[in-house]
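In UniProt numbering, the protein residues as written are 1 to 128. Backbone N, C-alpha and C define an ideal beta-carbon position, used for all residues, glycine too.
Right, dumping it as C-alpha cells:
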C-alpha cells in the first residue's frame with residue numbers, strides 16, 4: 001500500500017514525462033501505456049488520481065467521468081483494452097508534448113481577403 005502523495009507524484013511524473021517527451025512516437029507510446037496502466041491499477045484505491053486527471057489541459061470532464069465510471073464498474077470493465085487505451089489517450093492529449101516548431105504556432109485567420117483577379121464586366125457593343 002502506498003501513501004496517496006506517492007501515488008500522485010508517481011502519476012504526475014509520468015504525465016510530465018509525456019509533456020516533455022511526447023513529441024517522439026516511441027516515447028509517447030510507452031508513456032501513454034504506462035500512464036494507462038498506473039491509472040487502471042491504482043484508481044480504484046486512490047480517488048486522488050482523478051483530481052490529477054482533472055488538471056490535464058483541455059480535458060473533457062464528462063468524458064473523464066464516463067471513463068472513470070467504466071473503470072470502477074466491474075461489469076463494464078469488459079470493454080476491449082484497445083478501446084479503453086484509446087479513450088485514455090484522448091483524455092490526456094492536452095498534456096502530450098508537441099515538437100518545438102508546433103508549440104507556439106499561431107493560426108492565421110485572414111478576413112475579407114480581396115480576390116486575386118478582378119472580373120471584367122465590360123460589355124462589347126456589337127455593330128449592326
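Boundaries of the alpha helix (DSSP H) in which residue i is found, first to last residue
i, result
"residue 147", "Residue 147 is absent from the model: the chain starts at 1 and stops at 128."
"residue 88", "81-91"
"residue 70", "61-72"
"residue 10", "4-21"
Status (buried if at least 16 other CB within 10 Å, exposed otherwise) for residue i
i, result
"residue 116", "exposed"
"residue 43", "buried"
"residue 35", "buried"
"residue 97", "buried"
"residue 7", "buried"
Residue i: CB within 8 Å of a non-hydrogen atom of the ligand PLP
i, result
"residue 60", "As for the ligand PLP, it is missing from this structure, which has no ligand bound."
Minimum Cβ-Cβ distance from residue i to chain D less than 9 Å
i, result
"residue 5", "Looking for chain D here will not work: only one protein chain is present."
* Should the stretch 82-98 be regarded as contacting the stretch 49-67, the criterion being three or more beta carbon pairs within less than 8 Å? -> yes
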